[in-house]
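Start counting the sequence shown at 10; every next residue gets the next number (the working numbering). Just so it is clear, CB atoms sit at the ideal spot from N, CA and C, and this is done for glycine as well. Since we're looking at a predicted model, the values are computed, not measured. Structure first, commentary second.
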Amino acid sequence: MPQSHRPKRLRRAAVALSALLAAGAAQAATERFQDLTIEVVGQGRPVLMIPGLNSGADTWRETCAALQADRVQCHMVQFPGLAGAPPIKTAAYNDTMRDELLAYIEQRKLERPVVMGHSLGGFVALKMGMAKPQAIDRFIIVDTLGFLGALYGPTLTAQTIRPMAESMAAMVRTQPQAHYYRGIAVTAQSMTASDDKVALLRRWGEASDRATTAQALVEMMTTDLRPELDQVKVPTLVLAGWVGGARFGATRESTLAMYKQHYAKLDGVRIEMSQDGYHFLMWDDPQWLQGQVRGFLAEPKPAG
């Protein structure tokens, strides 16, 4: 490892170790709710933590542990079919996840929880807010665009990108395993700056059900939330990263402009940019993300 990288890696390791020790000390319980597995950690203000595509609930482990001092009760979600969880059959995967999470909030009598979602989890969170904004206190959306398809071309629409999305889904379902796993490895390298987490993402990706991955991906690619984001009526913090896309020409300014365009219809949204994080901001820039979350949770809700 280059000498210049060692202090930063050592700090990350120390933060992760402290977080894991704190998580072990907190009260925890895991339950099945419909098709979801949800681990509840701690006591206090409920925060629903939703991971992304091919990801496990442990995406949020260190974040949850760090927030225990703020009296946060984490509800860490595991979606079916991803990261080794048993798959389900449904005609609309993302909408099913939205509905089951809203049912969980209602049946567990969580009074207006905070909902924090990463990537696909952020997409599902926004759909929750569009369907039932009165059930949620506020949103924290981590590295999620309003329309994933825009990454493949600024003029693409939810309709025109469908052939590309279906082609990608078919490849996910049918590609020979060795080739598919190689693609997972390449993708994982671009998602985080941590070598240990790259290995974890590879394990999660290989353990994910391919049909589930394909279905969730094509649904997200062919759904444009941007025109309807004005239906989200609660305070929303969007946390984004850009350095992972720098090799493709992305800059902080161009990425921020893209996020502002995607969230233009969400009244009062605040967008903050990480200087160090790739896609998994909670791993690559943990202190920044935790500070943003703490500050946002401490803000009073706007009147009216």
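Assuming L57 and V124 form a contact by the criterion Cβ under 8 Å, report the distance between their Cβ atoms to the nearest whole angstrom. 5 Å
Between the region 58-69 and the region 82-102, can you find at least three pairs of beta-carbon atoms closer than 8 Å? yes
Report the CB separation of Y272 from I280 in whole angstroms; it is logged as a contact under 8 Å. 7 Å
Can you give me the start and stop residues for the alpha helix (DSSP H) that H127 sits inside? Where H127 is concerned, there is no enclosing alpha helix (DSSP H), although the beta strand (DSSP E) it sits in stretches over 123-127.
May I ask you to verify whether the region 250-268 touches the region 215-234, counting CB pairs closer than 8 Å and requiring at least 3? no
Which whole runs of the beta strand (DSSP E) in the region 75-150 are 3 residues long or more, in chain order? 81-87, 123-127
Between the C-alpha atoms of A167 and T245, what's the straight-line distance to the nearest angstrom? 24 Å
Any heavy atom of the ligand SAM within a distance shorter than 8 Å of the CB on S217? With respect to small molecules bound, the structure shown includes none, and the ligand SAM cannot be examined in it.
Between the alpha carbons of Q186 and A208, how many angstroms are there, rounded? 17 Å
Closest to P142 by CA distance: which of E109, Q240, R191 is it? Q240
Helix, strand or coil at T46 according to DSSP, with G and I counted as helix: strand
Between which two residues does the beta strand (DSSP E) holding A202 run? Note, A202: premise wrong, no beta strand (DSSP E); not H, not E.
Please classify P163: does DSSP put it in a helix, a strand, or coil? coil
Looking at the structure shown, is T39 part of a helix, part of a strand, or coil, going by DSSP? strand
Where does G304 land, buried or exposed, given buried means 16+ other C-beta within 10 angstroms? exposed
Three-state secondary structure (DSSP) at S176? helix
Are the beta-carbon atoms of D276 and D285 separated by less than 9 Å? no
Measuring straight from C-alpha to C-alpha, what distance separates A75 and T39? 19 Å
Tell me which residue opens and which closes the alpha helix (DSSP H) that E262 is part of. 261-271
Quick one: grab the DSSP three-state call for P185. coil
Tell me which same chain residues have a C-beta within less than 6 Å of the C-beta of F132, skipping the five on either side of it? T153, M229
Boundaries of the beta strand (DSSP E) in which V227 is found, first to last residue: Note, V227: premise wrong, no beta strand (DSSP E); alpha helix (DSSP H) at 219-230.
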